[in-house]
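2 protein chains.
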Amino acid sequence: MSKIIRVNMSNLTVKEEAVPEKYNLLGGRGLTSQIVYDEVPPLCHPIGPNNKLVIAPGIVTGTAAPSSGRVSVGGKSPLTNTIKESNAGTKTSQFLARLGIKAIIIEGQPKDKNKKYLLKVNKTGLEIVPADELSGLVTSATVNKLLEKHGDKVGVMCIGPAGEWLMANAGVCFNDTENRATRYSGRGGLGAVLGSKGVKAMVVDAADTSGIKLADEAIFREGQKKLVEALRTHWVTKPGGALNSYGTAVLVNVLNEAGGFPTRNFSSGRFEGAAKISGEAIAEMVKIRGGKGTMGHSCHPGCIIRCSNVYPNPDGSEMVSVQEYESVWGLGANCGIDNLDVTGELIKLCNEIGLDTIEAGVTLGVAMEGGLANFGDGKKAIELMQEIGKGSPLGRILGQGASFTAKALGVARCPTVKDQGMPAYEPRAVKGIGITYCTTPMGADHTAGYTIAPEILSVGGKADPLSVEGKADTSRGLQAATAFLDSTGYCLFTAFAILDIPSGLEGMVETCNGVLDTKWTVNDVGRIGLETMRTERNFNEAAGFSKLNDRIPEFMKYEPLPPHNHVFDVPDSVLDNVWEF
Amino acid sequence: MSKIIRVNMSNLTVKEEAVPEKYNLLGGRGLTSQIVYDEVPPLCHPIGPNNKLVIAPGIVTGTAAPSSGRVSVGGKSPLTNTIKESNAGTKTSQFLARLGIKAIIIEGQPKDKNKKYLLKVNKTGLEIVPADELSGLVTSATVNKLLEKHGDKVGVMCIGPAGEWLMANAGVCFNDTENRATRYSGRGGLGAVLGSKGVKAMVVDAADTSGIKLADEAIFREGQKKLVEALRTHWVTKPGGALNSYGTAVLVNVLNEAGGFPTRNFSSGRFEGAAKISGEAIAEMVKIRGGKGTMGHSCHPGCIIRCSNVYPNPDGSEMVSVQEYESVWGLGANCGIDNLDVTGELIKLCNEIGLDTIEAGVTLGVAMEGGLANFGDGKKAIELMQEIGKGSPLGRILGQGASFTAKALGVARCPTVKDQGMPAYEPRAVKGIGITYCTTPMGADHTAGYTIAPEILSVGGKADPLSVEGKADTSRGLQAATAFLDSTGYCLFTAFAILDIPSGLEGMVETCNGVLDTKWTVNDVGRIGLETMRTERNFNEAAGFSKLNDRIPEFMKYEPLPPHNHVFDVPDSVLDNVWEF
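Protein chains in written order, with the working numbering: chain A, 159 to 739; chain B, 159 to 739.
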C-alpha cells in the first residue's frame, strides 16, 4: 500500500501523499493510533475542526490471508475523549487495500454545518462530492441509494442520523458481503466525528485494480497455510465449531453459568432468561423458521470462521443481521429482556439509526434503572430506541450513551469506564476483564484484552475468574497481542486459534513478513503491541487522563454481585501495574 | 463555635462532635474544603452515598462584623467533579453561628430514594424529620410551608425540584431578610448532592441563643470600626455608591464598554442592548414603577453594602429579587435578550426551580446556538426554562448545565471550564479573568479571583485587560485573598474596599483575631488563602484533575472576539504558573 489520502473538509481539497517511512510497517489500529497521536491536538474538541478521522485497512488486508478484512477507524472519541480505534469486518477494507491506500485522513470542517458530502474513491483517487440528498437517511437507505448510482460492487462506509446529529454513540457503518448496512466500527462515537466533518458516506470502487503485490510470496503462502490450518482445527474457530455453529452468542450460556453475565443494569451475574437469547436459541430459530435465516454467515469475503448470522422473522423473511453475543446481551439480558424477536428489532434499529449496540444496550439498562421503563419491557425498549431515531430530546439523551443518560436521570449505578459502557462480562465475576476495562486506552472494552479466553474458556491458559492473582500480567499480555492483531487486519477471533496453536501464531507473523518484507518472529508480537498501546496511552495522558481514570465504577466496589457476591476487589496497584512496563 | 453536627442519612442518625483542634481556626470555605478533603473519597460518585455535603458559617459570621452573613456549602460537585465551595448571604448562616455550630456534615444516603427529609436545627440540636409533604415543591412554596409550621424567624435552606431530580445545575437555596427563597449557593450543583441524600430542607431556629462570645472584644471592635469605615468610604461599597445605588448590574455598561461583555453565547464582547439591562436601567424601572421595587436591599441583616434589589412588575407588585449583574447578563445579553421583564421572569424561574442563574444563562446561550431558539427570543427562553421545571426530557438536558446541553445538541462552542459555565466576563477581552476561570479549583468562576477589579475597575491596582503580562500573579494573589475572605464569612464585595484601603484590610483581620484569639496580621491573609487553595487542588488532583484541565475552551483559542478581535492568547506556561508557589 503506497499512499495516504488527506481530505480537508474545510476547503474541500484532497491531497495524495507518499507514506512516510515511519508508517511503513504500520497498518490498521497501529497506523490510525500513530497518525492520531502525531496529528490530533490531544485537548481538541472531538467534534471541533481540529479532530481528525483516520481510516486504515490492516497490514494483510486485501490479500488472501484468511479472515483479514478488518478496517480500523481512529480519532479522538466524542464518547470517551480518549484516543479511539474501532474496527469492522467489511469488503470496503479489502477494496481500500487493493487501491493501494494505506490510510485516509479526514480533517477540518465545512463552514456550513448542514451540507453533506460523499467521498468517492476509485483507482483515479478520491473526490469530494456534494450529497445533500443523503441527508437524514438511515444506513440501509444510504447504502441502497449509493449502490443504485455506483453499482453493487462498491464498498460503502456511512453514518446514520445518529452520526449526523453528532451523538456520542454514533458508529461508523460499512456494508457486509451482501451489502447490508450492518458492519460497524461501533464503539466510541466515531460516527459523530465523521458527521462533524460533513461526511455522510464514502464509496470505494476497487474495479480494475490488481491484487496486492507481496514482498515475499513464499513466506506469505507458508504463513497463510499454517494459520488456515490452525483456524480449521481449533474448537472455537473451526468449521462447525462453536462460533460457526452458534455465532458469538454461543457465549450466553457459558457466561451465565459462570455468573458473569450482567443482568438488569449490572445488578446480577445471572439471567433466568439467558437460554432464550443464547446462540443455541438463535440457531434453533434459524432452523425452525427457515427462509432467509442463516448461521455461519461471513461479514467479508475470505472469512473462514464465519460467525455472523441472519435472523429470520416468523415467516422466514429476513429480520436482521447480526444477533451477536454483545447485542443480545446488552439489548436483552441487561434490560431483563429474554426475547430474540425483541433483541432483533432493537439491533435493527441500532443498525439503521447508526448506533453501537453495546453502548445502546448499556444505555437502555441505565434508562430502565432511571425509571424510563420497567426491566423486561421490550415494547417500551423499542419505543425508547425509536426516540433516538427521531432525534427528540429524549433521543438526544439516549443517543449520547450510558454515562450521559445516567447523569440526565440521576442514576449513580452507571457501568462505564471513561464514559464507555461496559460490554457483556461482569468485572466482579471475571476480574481480569475488569482490569482490561479499566486500563485499556479505549474505555471499557472487552476486545482490547480479552481475558475471558483464559478465565472462562480455558483458551491460552486457564485462570480462576474470581481471583485477582496474576491478572495484571494476563490483561497486559492480551492487550499487547490484541494491539498487534488489530494492526494486521485479522479478525480478533483468530486469536482463539493462535493462543492455543503455536504454528498458527507463527503463520500469522509470516503473512505479515510476506507483505512487509520484515523478519518478525512471534517474539515481536508483544513488543509491537506494547508500542501501539504506549502511543495511545501517551495521547490520553496529553489529553488529561491518568491512572486515576483507570478505575472501576464506584458502585462495583461496594455492591456485591450475585451469585458469587463478590465486589470488584482488584487493588489500584494491580490496575496501575498493567502500565508498568 | 463549639461543635460539628454529623448527619447520617443512611441510618438517619445524628452525632454532635467536638471541633477537632485542626479545624479551630477554619470557617466557611476554608473549613468546608478541609472537611471535604479529609472525608470525601476524591473518586466517589458526586450523587452516590460516599459524597458529603458540608455547611459552614464563616469565622466572624453571627457577630456584629459588617456584611458577614455568608454560609459556605461544600462537597464534590456533580457539575465539575471537582471539590466545590459555593457561598450565599443569608440570616441562616448567622443563626447557625449563634447556635455554636461550626459545621454540619451530611453523609450517606437513604435506601428509599423517594423519601424526603427535613433537618430541624435549634438549641437542643439537630433532628431528622420525615418531610414527604415537601416533595416536588418549588423553593418559595417550600420556604412558606416551613415558615407556617416553624415560625417566620427561622433560617431556611432548601432545594427546588432541580435538586430533587439530581440536576447538575441545582443550587442550594436560603431565605433572605424577608424570607424570600432567593439566596443561593448556586454554583456547582450542590443542590443535587443534598437531593441525593434525601434532604429537601433545613430549618434553623436560633431563638434563645446568646450572641457569639468574642475571644478579644477590644480587638474585634477596633477591627470592626476600621472595616466599616473603609466600606463606608470606598466608591464601590459606600452608601449611595455604585453597588448600593445600582446593584451589581452597575457593571453591565462598564464591561460592555470594555468589550468584555459576552454576547450571544460568547460570540461578541459587546451587546447593542446592554443599556436596557444595566443597573442604571434597573434603578430607573424601580423608580418609575415604584410599589414594591427597591434598590439597596440587603440579603442578610447587618449588611452595610446592600447591593441587592427587588424588581417590580409594571403595576408595582413584586416580580423578583434579584436582578444581579450575572443574571441579567446570562439570561439577557448571552441570549441576545435586552428586556428586564424577561430576565426577571427567567430569574424567578431559576429561583423557584432551584437553579444557578449563571449556569442557566450559559446553558440557554448554548441551547440557542444549538437551534432550540433564536437569540433574542425571550418567549422561547422562558418556555425552555419552564421545561426544566417540568422535568421533561428537554428539561433534563438543560437542567444539567451548559456542557451537557452542548453535548446533547452537538455544539462545540461551549464556554465552560471543568464543565462549569463561564460568568459574565469574556476571557478573550479580559485575560486575567480567563486565567482565574482556567486555574481555580472550582471550574469557571469569577468570584474565585476577581481580576476584574484591577483590569476593569482600577481597584487594587490597574492593569491592561488585553495584556497577559503579570496576570498569573494577579490571579493567584486574588485567588488567595478570596480563599481567605470566603473563609471569614465576609461578603466578597468587602474586597473592593480592603484592596484599596489598607486600614480596612487590617480591620478585617482584627475582627478574625477578636473571634479566634489569633495574632494574624495582613501578611497572613495570602498564606492562609494559599493553604486553602492547595487543599482544594490536592483534592482535585486525587480526583484525576491536572494542569491539563486548566485550559480555556478550544474555540476561544482560534476564534477572535469582536470588538477587540483577540483570541485567548495566554500561554499554557502562564496558566501553570498560577500553581507554582
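Every residue gets a Cβ at the ideal spot worked out from N, C-alpha and C, and that includes glycine.
Excluding five sequence positions before and after V386 of chain A, the CB atoms of its chain that fall closer than 7 Å to its own CB belong to P224 and I462, given in chain order. Here F332 of chain B carries a strand assignment [DSSP, helix/strand/coil].
Under a criterion of Cβ atoms nearer than 7 Å, the residues of chain B adjacent to G568 of chain A are, in order, I205, W323 and L324.
Look at the segment 281–356 of chain A and you find these whole runs of beta strand (DSSP E), each 3 residues long or longer: 283–288, 313–316, 330–333 and 339–343.
One finds G702 and S704 in chain B with Cβ atoms closer than 8 Å to the Cβ of S704 of chain A, taken in chain order. Between G523 of chain B and N492 of chain B, the C-beta spacing is below 8 Å. Those residues of the segment 201–230 of chain B placed with their C-beta closer than 9 Å to a C-beta in chain A are L201, C202, H203, P204, I205, G206, P207 and N208, ordered along the chain.
E476 of chain A carries a strand assignment under DSSP once its states are collapsed to helix, strand and coil. Where M543 of chain B is concerned, the enclosing alpha helix (DSSP H) starts and stops at G536 to K548.
For L489 of chain B, the closest alpha carbon among the candidates B:L507, B:P472, B:D473 and B:P623 is that of B:L507. The Cβ-Cβ distance between R586 of chain A and E527 of chain A does not fall below 8 Å.
Under DSSP, S426 of chain A shares a beta bridge with A:T421. If you look at R164 of chain B, you'll find it in the beta strand (DSSP E) that goes K161 to N166.
By the neighbour-count criterion, in which a residue is buried when 16 or more other Cβ atoms sit within 10 angstroms of its Cβ, D473 of chain B is exposed. Here the alpha carbons of G321 of chain B and A566 of chain B stand approximately 21 Å from one another.
At the C-beta level, L237 of chain B and G346 of chain B come within 8 Å of one another. Shown here for M714 of chain B: same chain residues with a beta carbon closer than 7 Å to its own, the five before and five after excluded, namely P585, R586, V725 and F726 in chain order. For R586 of chain B, there are no C-beta contacts with chain A under 7 Å, since the nearest C-beta of that chain is about 17 Å from it. Note on geometry: alpha-carbon atoms of K434 of chain B and V520 of chain A lie some 49 Å from one another. Chain B places a beta carbon closer than 8 Å to that of E712 of chain A, counting this residue as a contact. Taking C-beta separations shorter than 6 Å and ignoring five residues to either side along the sequence, the partners of Y195 of chain B in its chain run T693 and F697, following chain order.
DSSP places E387 of chain A in no beta strand (DSSP E) but in the uninterrupted alpha helix (DSSP H) bounded by E375 to T391.
Going by C-alpha positions, K278 of chain A is about 27 Å away from V673 of chain A. For T282 of chain B, the number of other beta carbons within 10 angstroms of its own is below 16, and it is reported as exposed.
Pairing K677 of chain B with T690 of chain B, the inter-Cα distance amounts to about 19 Å. When the beta-carbon positions are compared, P470 of chain A and A582 of chain A stay at least 8 Å from each other.
Burial check for A373 of chain A: the Cβ neighbour count within 10 Å stays below 16, so the residue is exposed. Annotation: Q267 of chain A to R228 of chain B spans about 48 Å, alpha carbon to alpha carbon. By alpha-carbon distance to I217 of chain B, the top candidate from B:Q192, B:E699, B:R187 and B:S191 is B:R187. About 15 Å separates the beta carbons of V296 of chain B and M315 of chain B, which is beyond the 8 Å limit, so they are not a contact pair. Residue contact with chain B for K538 of chain A: absent (no Cβ-Cβ distance below 8 Å to any residue of chain B). If you compare the alpha carbons of B:M325, B:A214 and B:G309 with that of R554 of chain B, the shortest gap goes to B:M325. Taking a C-beta distance under 8 Å as the contact criterion, A539 of chain A and L504 of chain A qualify as a contact pair.
Contact fails between the segment 622–631 of chain A and the segment 337–353 of chain A, because fewer than three Cβ pairs, one in each stretch, are under 8 Å apart. The beta-carbon of F697 of chain A is placed no less than 8 Å from the nearest beta-carbon of chain B. An exposed status is given to Y716 of chain A, since fewer than 16 other beta-carbon atoms sit within 10 Å of its beta-carbon.
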